[in-house]
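Everything below concerns the one structure shown next.
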Amino acid sequence: MSKYLEMIRIRFLMMLAYRTNYYSGILIYSINIGAYYFLWTAIYGGKESIQGLDAAQMVTYVAISWMARAFYFNNIDREIAMEIREGKVAVELIRPYNYLGMKTMQAFGEGVFRLFFFSMPGMVIVSFIFPLELPLDWQAWCFFAISIFFSFVINTEINLLTGISAFFLFNNDGLMRAKRVIIDLFSGLLLPISFYPVWAQEIMEYLPFQAISYIPSMIFTKGFQEAEITDAILFQLFWSILLIIPICAMWAVAKRKMIIQGG
Amino acid sequence: MNVIEVENLRKEFKSYSSRSGLKGAFRDLFTRNYKINRAVNDISFTVKQGEMVGYIGENGAGKSTTIKMLTGILTPTSGKVLVNNMNPHKEREKFVRTIGVVFGQRSQLWWDIAVQESFRLLKKVYKVSDQDYNEHMDHVIKTLDIGPLLDKPVRKLSLGQRMRCELTAALIHNPPLLFLDEPTIGLDVLVKLKIREFLKEINAKYKTTILLTTHDIADIEALCERVIMLDEGKIIYDGSLDHLRGNWGKGKQIEFQFASSVDESLLLQLTNGFHVQWMKGDKSNVWIAQIANHEEMPEIISRVMKAQTIVDLSIKEISTEEIIRNIYEKGDANSNLEKVIMNV
């Protein structure tokens, strides 16, 4: 276990090595939150509430979605694809650890770094600028913490799947880009799931994407009530476990088919 | 005790070839042509503990593929591999603890962080105790002279500096078996010497078994008593380096620099009846005589000198490099080899 903790530490150091990335990230996220704030205030106009969310909840929803995204979002699919394409995966395979486990830990290190140095200070700044409704009871914060942990797990599992696909496809850039758009759209980051037409909501019930952003944001904004919260977290747990199966299957096949590029 | 046992090992790769033209490109969308390349073709060998073996061959001969199968990275198509009494691919995580690997063309250190951070992570990964680490690594760091590099990020190191750090990283857990895939590629003479000295030392001290691939024959001459030569996926020679040189590199070369241009036919005529082969040298008016029999040498020299004015003359042993080049140029099987060398 200590090697995985050490890997989290290394990732921290690597994030610090690239500070410029980190500053530009803060800027981009603030612009996004600002843009969505103005968009949604315009849409609400004088209306009390739309689809069960009032304007203040909506603003909180937007802010918390983006801040949670900073935590669960990572680029390990891109990293895995690059390591496969350049043959660096050979070096990873001569080490006594599980390659995918190590990648997940790196992603977690990155996530924790961003949670503390990006999301939290970002949230404080945003709460001064925009009228946010932060939950007052500690249960909501606890459920939210559990929920974004699962967001991270599910998003990372999907990233592992797209990353491993580089073993089978010569170039999986298109797939990774499609995945990114699908997650932004279907996870409820850009638009809460309850705003979609009913038939689309029914389809999304059977997909894992809303577990990434919609569920934690709804818990945080109190859009979900007691029973709904436990159901939602069970939904996340279910997908976290289910997605392990295709990952293991793909990895097993990939290892057998492995070709190391470039000698 | 055998550290490596390989029997009828084979690796095949499927490679796609694309059809020509637009029409061909469309057809490729539905069905693709492929052919099977045999990168490693039924090779067998064993390596004993404490041996240093040179694994040589031209580019694309299958050296790296073999190493990747021996280290558990690639799955063999067929055949048996047993390294440190384990099947490398099946028990990968347990197995890789017992080996060290250096890929000359790939870094295994983390690019953006200081060298010592990489070492620290590897120490945790291999579960090396503080005591073992300090005892072993202090010595390695001192010998390879990398102390001043430890706090620099890898991207700021020169190739020679990086290579010494790579070697150190591969030895953190003091493995009994070391695979080195072109460890001296692109290094200057001093660094090469340092690395060779160091490898000899750990081999003597810990009885570390070393399997080394390289294109620099001097590495092999300095380190390995035994060589395995590979061509087109097959082993064409497996035995001692001395034997290779003794049997096949007996002859000498005499380099003549003539004052004026000389015809090959004239030289052949002069040395008629001797076992000589004439080759044109690199410079103008330079001819090289390859002689199989030492006793004929004085007579050949005197005949040539009588007939022609000579500016310069030198006598050389046939170098290992030349022997190996000859083998690759002319033959690819053991039986052919002997014939080739007899011709010289």
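Read top to bottom, the protein sequences are chains A and B.
Numbers 8 to 270, taken from this note's numbering, label the letters of the first sequence in order.
Numbers 76 to 419, taken from this note's numbering, label the letters of the second sequence in order.
Backbone N, C-alpha and C fix where the C-beta goes; we use that ideal spot for every residue, glycine too.
These figures come from a predicted structure and were not determined experimentally.
Below 7 Å CB to CB, which residues in the same chain sit around residue i once its five sequence neighbours on both sides are set aside?
i, result
"glutamine 243 of chain A", "Ser154, Phe157, Ile161, Ala218, Ile222"
"serine 90 of chain B", "Tyr109, Lys110, Asn112"
"alanine 408 of chain B", "Residue placement at alanine 408 of chain B cannot be trusted, given a pLDDT of 40 that sits under 50; what the coordinates show is reported in the next sentence. Taken in chain order, the residues that qualify are Ile311."
"lysine 355 of chain B", "Trp362"
"phenylalanine 40 of chain B", "As displayed, chain B neither begins before 76 nor continues past 419, which places residue 40 of chain B out of reach and without an answer."
"glycine 326 of chain B", "Gln365, Ile366, Ala367, Ile393, Val419"
"tryptophan 246 of chain A", "Ile161, Pro215, Ala218"
Rank the options by C-alpha distance to the C-alpha of residue i and give the top, closest one.
i, options, result
"isoleucine 260 of chain B", "B:Thr289, B:Asn249, B:Thr283, B:Ala244", "B:Thr289"
"isoleucine 132 of chain A", "A:Phe78, A:Asp84, A:Ile40", "A:Ile40"
"arginine 400 of chain B", "B:Thr283, B:Ala279, B:Asp291, B:Met380", "B:Asp291"
"glutamate 168 of chain B", "B:Lys309, B:Gly147, B:Thr283", "B:Gly147"
"aspartate 187 of chain B", "A:Ala173, A:Arg26, A:Trp246", "A:Arg26"
"leucine 252 of chain B", "B:Lys269, B:Asn160, B:Phe333, B:Glu404", "B:Asn160"
"tyrosine 213 of chain A", "A:Val188, A:Leu249, A:Phe231, A:Asp180", "A:Leu249"
"valine 200 of chain B", "A:Asn28, A:Ser9, A:Ala24, A:Arg184", "A:Ser9"
"isoleucine 137 of chain A", "A:Met65, A:Leu107, A:Arg102, A:Arg76", "Reading off the sequence shown, one finds phenylalanine at residue 137 of chain A, where the question assumed isoleucine. The residue with the shortest Cα to Cα distance from phenylalanine 137 of chain A is A:Met65."
"glutamate 307 of chain B", "B:Val78, B:Leu97, B:Thr141", "B:Thr141"
"histidine 350 of chain B", "B:Val337, B:Gln328, B:Asn360", "B:Gln328"
"glycine 32 of chain A", "A:Trp73, A:Ala62, A:Tyr11", "A:Trp73"
"leucine 241 of chain A", "A:Leu12, A:Ile266, A:Pro215, A:Phe80", "A:Pro215"
"leucine 316 of chain B", "B:Asp117, B:Glu126, B:Val115, B:Ser193", "B:Glu126"
"lysine 267 of chain B", "B:Lys282, B:Leu246, B:Glu296, B:Tyr281", "B:Glu296"
"isoleucine 189 of chain A", "A:Lys110, A:Ser220, A:Ile50", "A:Ser220"
"isoleucine 91 of chain A", "A:Phe245, A:Ile35, A:Tyr106", "A:Tyr106"
"valine 260 of chain A", "A:Gly108, A:Leu182, A:Ala173, A:Phe151", "A:Ala173"
What in chain B is Cβ-close to residue i, meaning under 7 Å?
i, result
"isoleucine 15 of chain A", "Correct list: empty, because the minimum Cβ distance to chain B is about 11 Å."
"serine 9 of chain A", "Lys199"
Under 9 Å between beta-carbons, which chain A residues line up against residue i? List them in chain order, please.
i, result
"isoleucine 79 of chain B", "Neighbours of isoleucine 79 of chain B on chain A: none; closest Cβ ~16 Å, over 9 Å."
"tryptophan 362 of chain B", "Within chain A, no residue comes near tryptophan 362 of chain B; the closest Cβ sits about 39 Å away, beyond 9 Å."
"threonine 150 of chain B", "Lys262, Arg263, Lys264, Met265"
"leucine 255 of chain B", "In chain order: nothing, as chain A lies at least about 12 Å away."
"glutamine 191 of chain B", "What glutamine 191 of chain B touches in chain A: nothing, since even the nearest Cβ is about 11 Å away."
"leucine 196 of chain B", "Lys10, Glu13, Met14, Arg16, Ile17"
"aspartate 187 of chain B", "Leu20, Met21, Ala24, Tyr25"
Can you pull the chain B residues whose beta carbon is under 8 Å from the beta carbon of residue i, in chain order?
i, result
"lysine 110 of chain A", "Neighbours of lysine 110 of chain A on chain B: none; closest Cβ ~14 Å, over 8 Å."
Does the ligand NAD have a heavy atom nearer than 6 Å to the CB of residue i?
i, result
"valine 177 of chain B", "As for the ligand NAD, it is missing from this structure, which has no ligand bound."
Kindly list the residues whose CB is nearer than 8 Å to the CB of residue i, restricted to its own chain and excluding five residues on each side of it in sequence; keep chain order.
i, result
"isoleucine 15 of chain A", "Met112, Gln113, Phe115, Gly116, Val119"
"isoleucine 221 of chain B", "Val190, Gln236, Arg239, Cys240, Thr243"
"proline 253 of chain A", "Leu168"
Per DSSP, residue i forms a beta bridge with which residues?
i, result
"serine 153 of chain B", "B:Arg85"
"phenylalanine 151 of chain A", "Note: phenylalanine 151 of chain A sits in no beta bridge, so no partner."
"glutamine 328 of chain B", "B:Gln365, B:Lys391"
"aspartate 76 of chain B", "Just to set this straight, residue 76 of chain B is methionine in the shown sequence, not aspartate. Methionine 76 of chain B pairs with nothing; no bridge assigned."
"glycine 314 of chain B", "B:Val302"
"threonine 288 of chain B", "B:Tyr130, B:Asp256"
"serine 90 of chain B", "B:Lys110"
"tryptophan 353 of chain B", "B:Ala364"
"proline 228 of chain B", "B:Ala189"
"serine 56 of chain A", "A:Asp61"
"isoleucine 375 of chain B", "In the DSSP output, where bridge partners are listed per residue, isoleucine 375 of chain B has none listed."
Identify the contact partners of residue i in chain A, using a Cβ-Cβ distance below 7 Å as the criterion.
i, result
"isoleucine 260 of chain B", "Chain A residues near isoleucine 260 of chain B: none, gap ~11 Å exceeds 7 Å."
"tyrosine 47 of chain B", "No statement about residue 47 of chain B is possible, as the shown extent of chain B runs from 76 to 419 and does not include it."
"glutamine 183 of chain B", "Val98"
"valine 171 of chain B", "Ile101, Arg102, Pro103"
Quick one: what's got a C-beta closer than 6 Å to residue i's C-beta in the same chain, skipping five residues either side?
i, result
"methionine 21 of chain A", "none"
"leucine 104 of chain B", "none"
"glutamate 339 of chain B", "Trp353"
"cysteine 255 of chain A", "none"
"tyrosine 68 of chain A", "Ser224, Thr228"
"aspartate 117 of chain B", "Asn83, Arg85"
Anything in chain A within Cβ reach of residue i, meaning under 8 Å, just list it in chain order.
i, result
"glycine 147 of chain B", "Leu100, Ile101"
"serine 88 of chain B", "The sequence as given places phenylalanine at residue 88 of chain B; serine does not occur at that position. Those are Ile266, listed as they occur along chain A."
"glutamate 404 of chain B", "Going along chain A, no residue has its Cβ under 8 Å from glutamate 404 of chain B, so there is no contact; the nearest lies around 23 Å."
"glutamate 168 of chain B", "Pro103, Tyr104, Asn105"
"phenylalanine 178 of chain B", "Ala97, Val98"
Would you say the region 148 to 157 of chain B touches the region 78 to 93 of chain B, given that touching needs at least three Cβ pairs under 8 Å? yes
Touch test, the region 134 to 150 of chain A against the region 183 to 200 of chain A, Cβ-Cβ under 8 Å, three pairs minimum: no
Spell out a yes or no on whether the region 74 to 87 of chain A and the region 164 to 171 of chain A are touching, meaning 3 or more CB-CB pairs, one atom from each, closer than 8 Å. yes
May I ask you to verify whether the region 386 to 397 of chain B touches the region 329 to 338 of chain B, counting CB pairs closer than 8 Å and requiring at least 3? yes
Touching or not, the region 94 to 111 of chain A and the region 161 to 181 of chain B, by the rule of three or more beta carbon pairs under 8 Å? yes
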